[in-house]
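Working notes, structure below.
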Amino acid sequence: MKKIILLASLVLSTSVFAATSTVQSERTFTTDSYASKEQAYQAGFGLVEEFKQMSQNELENKLVTGPNDAIYQSIIVNDMNVAVKEFGTIDGKIEYKAVVDVDYQYKHRESNHS
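Residue numbers -18 to -1, 1 to 96, in mature numbering (1 follows the signal peptide of the UniProt record, and there is no 0), belong to the letters of the sequence shown in order.
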């Protein structure tokens, strides 16, 4: 009887722990429009600096989409790139927007429930 109870408690205790895996992902952010490429680049690099200063909670809120299954304090920003897109407005003006790509990873808690 003791063996059955011990076995049952081991099965229950191991099923409580969820497996974890590392998720690699990317998000793209776009700035407002600017009259020059230089202004757009400055805005993009400003956004990069904002990301560098963010806490783990702020990064999670900005980057991780979908169910909140990121393990606390596990987000790592791997790389950020700034590019500028040129576009024409309907009134014939040329404007520029910075596009910031953020490559990141985080540990993900996998659920045992299907």
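Beta carbons: idealized from backbone N, C-alpha and C, even for Gly.
Three or more C-beta pairs below 8 Å linking the region 25 to 37 and the region 52 to 64: Contact annotation: the region 25 to 37 touches the region 52 to 64, with at least three C-beta pairs closer than 8 Å.
Is the beta carbon of Val84 less than 8 Å from the beta carbon of Val46? No.
Output the distance between the C-alpha atoms of Val82 and Thr12, rounded to the nearest integer angstrom. Their Cα atoms are separated by approximately 6 Å.
How long is the line joining the alpha carbons of Ile76 and Arg9, rounded to whole angstroms? Their Cα atoms are separated by approximately 26 Å.
Quick one: residues in its chain with C-beta nearer than 6 Å to the C-beta of Gln6, no 5 flanking neighbours on either side, listed in chain order? These residues qualify, in order along the chain: Gln87.
Proximity below 8 Å, CB of Tyr78 to CB of Ser3: Tyr78 is not a Cβ neighbour of Ser3, given a cutoff of 8 Å.
Please work out which residues of its chain come closer than 8 Å, Cβ to Cβ, to Leu41, disregarding the five sequence neighbours upstream and downstream, and give them in chain order. Phe33, Ile57, Val59, Tyr86, listed in sequence order.
Can you pull the DSSP bridge partners for Val82? Val82 pairs with Phe11, Val64.
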